[in-house]
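Each step along the sequence shown adds one to the number in the numbering used here, with nothing skipped, and position 436 is 438.
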Amino acid sequence: MSTQTAETAGPDGVGSDVTFSVRNLWKIFGKNADKVIGTELETADRDRIKEETGCTVAVRDVSFDVHPGEVFVVMGLSGSGKSTLIRCLSRLIEPTAGQVLLDGEDIEQASPQRLRELRRHKLAMVFQHFGLLPNRKIIDNVAYGLEVRGMSRADRHDRAREMIDMVGLGGYENSRPRELSGGMQQRVGLARALAVNPEVLLFDEPFSALDPLIRRDMQAEVVRLQHDLDKTSVFITHDLQEALKLGDRIAIMRDGELVQVGTPEEVVGRPADAYVADFTSDVARTTVLTARWLVRDAFPEERTDGPVCEAGTVLAEVLPMLAATTAPVRVVDKGVFLGYVGRDDVLRAIAEDQLADATVAAAIEEEAVEGVGEDTEGGPPETPERSAETEAAPETGDAAAEDEAAAGGASETGTAPQAPTTHGATTAPADTRDTAARRDRGRWVTWPRRPNPIPTSTPADWDGSTAPPCGSGPRR
Ligand SMILES: Nc1ncnc2c1ncn2[C@@H]1O[C@H](COP(=O)(O)OP(=O)(O)OP(=O)(O)O)[C@@H](O)[C@H]1O
Ligand SMILES: [Mg+2]
């Protein structure tokens, strides 16, 4: 059995509370699932399993935790199993094997009545195709979840109006969905989900049907609502920029498996494998990596009176601060001093982008000369082929919509510093580099994976006796 990484630490590194705990979850479509799990086919690729059993492995042995207040993004190509996974979280699709705990409650054991309760009170889902009821006014669409809970008309309309205002649609209460643009309809979907005041919001590619500007507005809306209302969200997307913008952590899915779960910085700065590296290769690292990523102790004789910078500041914004002084910036996290980031550190991080591009180019040349790499890992995205298995609810139409709607400056404290443990990242020697699949010139080639950007060497001349005047706080 392939074992997936079970993340136990939340966005703040705190591991105790968990909203969703998913363990070894499988969903296999088709009648012969028992011929896969627990047999030698369990680790076989999807095509072979399909060929030998007729089954489609949509989710394969997936484990992860989602923490309260977190936006957990699941990202992957079409057909990678994202929708199946999110629907298994509320049992809109029945998992084949594994466990989903919601606030410690095993949803597999929930009776139909308990499941309905969970879907009405704790969870709300926002769908790609809005899932609105076409014949109902906007206010009644938004109030739908409250209606099925049995709330009086006056009360549910009051609440619905509040939500409609919150998503910026005041004045459209009596319109019908068809009279609204796609972006407006999606806001209605969001208002409907929020109306029931759920603990958890499940978003399945909610914005992929929207044009880029409206999409950006809606993303900002989610960030704002998340900040104001402090909900826990699982958000599916195939758009990396969206994932980076919204996600506290991002899970990258491929062929039903999770290949990496990490913060945006971890996914971009230290991709787990070739597939993730390929996904993130076009991202400008200076817009994702933050001062926290590069923080280090002071070097001997180094100036320690530089400007103060919050740990979450992206490198693109650290650069102008460094341009104004020769001292490294002093990095703090909520008032706790973490260490320093200097010009060289940022330049090195930028250079890694260039180095990666250069090594990609070299690898392509090499491949072209040697004529290999036509058949490496990766490959073009799979096109999903849906069978008629009944569990997968269609996302349009009134009946389905009703079902889905129901689911519907620094404080410098501290002791003597540790000896600096960092002194510059270096590019890994060629013989230790992993290879990664990358699509280029219409084919797949291999290229060296980026080195870990966290510097690891200790300066030879450092004896550990010099304490930077600022002191040093805990390092993260
Ligand atoms: N009801 C079904 N019956 C059979 N196979 C299914 C069913 N639903 C999904 N699948 C298959 O499961 C796999 C995962 O599908 P899923 O819809 O979860 O992917 P996805 O990542 O959400 O894709 P997209 O980005 O296109 O929405 C695909 O191979 C798909 O064909
Ligand atoms: Mg999907």
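The beta carbon of each residue, even a glycine, is placed where N, CA and C say it ideally should be.
Just to confirm, is the Cβ distance from LYS29 to VAL61 under 8 Å? yes
List the whole-angstrom C-beta distance separating MET323 from VAL316, where the pair is believed to meet the contact cut-off of C-beta under 8 Å. Actually they do not touch by this definition, with Cβ atoms about 12 Å apart.
Which of helix, strand or coil does DSSP assign to GLN262? strand
Inter-stretch contact (C-beta, 8 Å, three-pair minimum) for the region 248-257 and the region 99-115: no
Give a single yes or no on whether SER92 has its beta carbon closer than 7 Å to a heavy atom of ligand 1. no
With burial defined as no fewer than 16 other Cβ atoms inside 10 Å of the residue's Cβ, what is the status of ASP284: buried or exposed? exposed
How big is the Cα-Cα spacing for GLY74 and ASP67? Here residue 74 is Phe; the residue named in the question, Gly, does not match the sequence. PHE74 and ASP67: Cα-Cα distance of roughly 9 Å.
DSSP three-state call for GLN130: helix, strand or coil? coil
What I want to know is whether the C-beta of THR98 ends up closer than 7 Å to one or more non-hydrogen atoms of ligand 1. Flag unset: Cβ of THR98 not near ligand 1.
Return the residue from the list PRO309, CYS90 and HIS240 that minimises the CA-CA distance to ARG25. Taking each of PRO309, CYS90 and HIS240 in turn and checking the Cα distance to ARG25, the smallest one comes out for CYS90.
Go ahead and pull the three-state DSSP assignment for ALA432. Confidence at ALA432 is low in this model, with a pLDDT of 32, below 50, so its placement is unreliable and the value that follows should be read with caution. ALA432: helix per DSSP, three-state reduction.
Taking just the CA atoms, how far does ARG345 sit from ASN336? The sequence shown places Lys at residue 336, rather than the Asn named in the question. In this structure, the alpha-carbon of LYS336 lies about 23 Å from that of ARG345.
Assumed close pair VAL144, ALA222 - CB separation to whole angstroms, cut-off 8 Å: Actually they do not touch by this definition, with Cβ atoms about 20 Å apart.
Using a 10 Å radius around the Cβ and a threshold of 16 neighbouring Cβ atoms, would you call VAL20 buried or exposed? buried
Inter-residue Cα distance where the pair is THR458 and VAL297: Note on THR458: pLDDT 32, under 50, position unreliable in the model; the coordinate value appears next. C-alpha separation (whole angstroms): 12 Å.
Are there 16 or more other CB atoms within 10 angstroms of the CB of PRO200, so buried, or fewer, so exposed? buried
Beta-carbon proximity of GLY308 to THR292, cut-off 8 Å: no
In the DSSP output, what is GLY341 paired with across the bridge? VAL333
Between the alpha carbons of MET127 and VAL343, how many angstroms are there, rounded? 42 Å
Rounded to whole angstroms, what's the CA-CA distance from PRO70 to PRO302? Just pull it up for me. 42 Å
Could you spell out the range, first to last residue, of the alpha helix (DSSP H) harbouring ILE95? First-last for ILE95: undefined, no H or E at that position.
Test item: CB-CB of GLU181 and ARG163 under 8 Å: Against a cut-off of 8 Å, the Cβ pair of ARG163 and GLU181 comes out as no contact.
Is CYS90 helix, strand or coil when you go by DSSP? Looking at CYS90 - three-state DSSP - the assignment turns out to be helix.
Using the DSSP secondary-structure output, state which residues sit across from ILE254 in a beta bridge. MET77 and GLN262
Run the proximity test for LYS139: is its beta-carbon closer than 7 Å to any non-hydrogen atom belonging to ligand 1? no
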